[in-house]
Amino acid sequence: SEGDVILAGERLGTIASAPPAEFGGPGDKWSPETLLVAALADCFILTFRAIARASKLSWNSLHCEVKGDLERQDGVTRFTRFDVRATLAIPPEVNEERAHRLLEKAERSCLITNSLSGATHLESVVSKTQ
């Protein structure tokens, strides 16, 4: 039947999901497509946090924006590419090149990135803040 799909997990709240507008849905709910892209961003940030902590890298904030490219090939629609833009703010005393390297390591180590067949491309921006 029609209507939202309710996603639930043990000890978790629920999420209402529906197709995106481009697939005939309302466009105002989480969809499998938006959940996948969000999972990549979430995993990237959590992986970076762990790597930064283990590497004793000081940082102030990390913003991650992910865009996924959907293409139809041989009658199958799938994500063919994910563009990850990570914007990291670091204290003035932190080495920018080291910060870039740890962002790249997070991209290589992310469970979600490693599970996807679409290519992932990282653009990292590091800026010094107080």
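In terms of this note's numbering, the sequence shown opens at residue 67 and continues consecutively. In this text, a Cβ means the ideal position worked out from N, Cα and C, and glycines have one as well.
In this chain, the alpha helix (DSSP H) harbouring Leu169 covers 162–175. Annotated three-state conformation of Asp149 is strand, per DSSP. For the pair Leu128 and Phe148, the CB atoms are not nearer than the 8 Å cut-off. Put simply, of Ala172, Ala105, Ala82 the residue whose alpha carbon is nearest the alpha carbon of Ser121 is Ala172.
In the three-state reduction of the DSSP assignment, Ser193 falls in the strand class. Counted as a single uninterrupted DSSP element, the beta strand (DSSP E) harbouring Leu73 occupies residues 71–73. Shown here, Arg115 sits in a helix according to DSSP, grouped into three states. In this structure Phe89 is exposed. Its beta-carbon is surrounded by fewer than 16 other beta-carbon atoms within 10 angstroms.
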